[in-house]
Amino acid sequence: MTERYGAPVGDGRPSRGQAVIHPSPSQWLDVAAAARADGFDQLVDLTAVDYLTYGADRSLPEGVQPERFEVVASLMSHARLERLRMRVQVSADDPALPTLFDLWPGSESLEREVYDMFGIAFEGHPDLSRILMPEDWPGNPLRKDYDSGRIPVQFKAASNVR
Numbered sequence: 000m001t002e003r004y005g006a007p008v009g010d011g012r013p014s015r016g017q018a019v020i021h022p023s024p025s026q027w028l029d030v031a032a033a034a035r036a037d038g039f040d041q042l043v044d045l046t047a048v049d050y051l052t053y054g055a056d057r058s059l060p061e062g063v064q065p066e067r068f069e070v071v072a073s074l075m076s077h078a079r080l081e082r083l084r085m086r087v088q089v090s091a092d093d094p095a096l097p098t099l100f101d102l103w104p105g106s107e108s109l110e111r112e113v114y115d116m117f118g119i120a121f122e123g124h125p126d127l128s129r130i131l132m133p134e135d136w137p138g139n140p141l142r143k144d145y146d147s148g149r150i151p152v153q154f155k156a157a158s159n160v161r
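Heads up: the sequence shown at position 67 corresponds to 66 in numbering that gives the first Met the number 0, and the numbers run straight through without jumps.
Put into structure tokens, the structure is as follows:
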């Protein structure tokens, strides 16, 4: 796997039937493009994790430096019935990655959700705007340092606040 994509792999064991690779932020788009060319024709999911309050043991391969954020993309090759998970560490100082929109247009809403909830930008995205929270909402609700309190929220698609 490392030879195929040029990114570190996990411990060699599949995770829930998926191979796992760990590209750096600078490798993110190139590794994704190589996976697309290799037959991974669907981006099944894209999400993020905030490890602000997590301990030191993160199960990362040697040479992968842990960061506060991790973006996780789950890919599928329908022809081979094979899955691939890409886990990239994203710095809190520069929470940004290139968009995957040109490779998988279905990433459009997934990247917007990660941007809205975690504040991780996807450079080159065609419409990087909030998707769940109001445009003027302060902060990013899924960050571990976000003070949720008891603020009523009027979500975009909801008819009334509870």
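Even glycine gets a Cβ: it sits at the ideal position worked out from N, Cα and C.
If you draw a straight line from the Cα of P137 to the Cα of S147, it comes to about 11 Å.
Under DSSP, A18 shares a beta bridge with L83. Per DSSP, reduced to three states, the secondary structure at L96 is strand. Ranked by Cα distance from V30, the first of A91, T98, L51 and Y50 is T98. Taking 8 Å as the cut-off, the beta carbon of D101 is found no closer than this to the beta carbon of H77. For F121, the enclosing beta strand (DSSP E) stretches over residues A120 to E122.
The beta carbons of V89 and V71 sit no closer together than 8 Å. The beta carbons of A120 and L131 sit no closer together than 8 Å. A check of alpha carbon separations from T46 across K143, P133 and V87 identifies V87 as the nearest.
The Cβ atoms of L42 and W103 lie closer than 8 Å to each other.
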